[in-house]
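Residue numbering for the sequence shown follows the numbering used here, beginning at 776 and increasing consecutively. One structure is given here, and the rest of the page talks about it.
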Amino acid sequence: MGATDRKLLNSRDAARYLGISLNTLYRMEKGGMLRPFRTPGGHRRYPVDILDAYLERSRDISNRASVIQ
Numbered sequence: 776m777g778a779t780d781r782k783l784l785n786s787r788d789a790a791r792y793l794g795i796s797l798n799t800l801y802r803m804e805k806g807g808m809l810r811p812f813r814t815p816g817g818h819r820r821y822p823v824d825i826l827d828a829y830l831e832r833s834r835d836i837s838n839r840a841s842v843i844q
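Spelled out as structure tokens, the structure:
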């Protein structure tokens, strides 16, 4: 699937989708945890499949931590 076939969210919608603040989203990007596409005008666009993958990884880590405790 090409980038043009993906559902893309702007920063505000991506933060809402993940249940985090916009500042947290930007910190995650700066830390390399998420990589948005940039439009020719420089606006960030986050593919939903990338956000879903992040949520899945977060759940896996959370589940492993609860098993250890």
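Cβ atoms here follow ideal geometry from the backbone N, Cα and C, with glycine treated the same way. Predicted, not measured: the structure shown is a model, and the values here were computed from it.
Within 10 angstroms of its Cβ, does residue i collect 16 or more other Cβ (buried), or is it exposed?
i: residue 787; result: exposed
i: residue 790; result: buried
i: residue 821; result: buried
i: residue 811; result: buried
Compare the Cα-Cα distances from residue i to each of the options and report the closest residue.
i: residue 825; options: 815, 818, 804; result: 804
i: residue 785; options: 818, 827, 830, 808; result: 818
i: residue 782; options: 827, 795, 833, 831; result: 827
How would you write the range of the beta strand (DSSP E) that residue i sits in, first residue to last?
i: residue 820; result: 819–822
What are the boundary residues of the alpha helix (DSSP H) that includes residue i?
i: residue 785; result: First-last for residue 785: undefined, no H or E at that position.
i: residue 803; result: 797–805
Our contact map puts residue i next to residue j with C-beta atoms below 8 Å; I'd like the distance itself, whole angstroms only.
i: residue 829; j: residue 809; result: 6 Å
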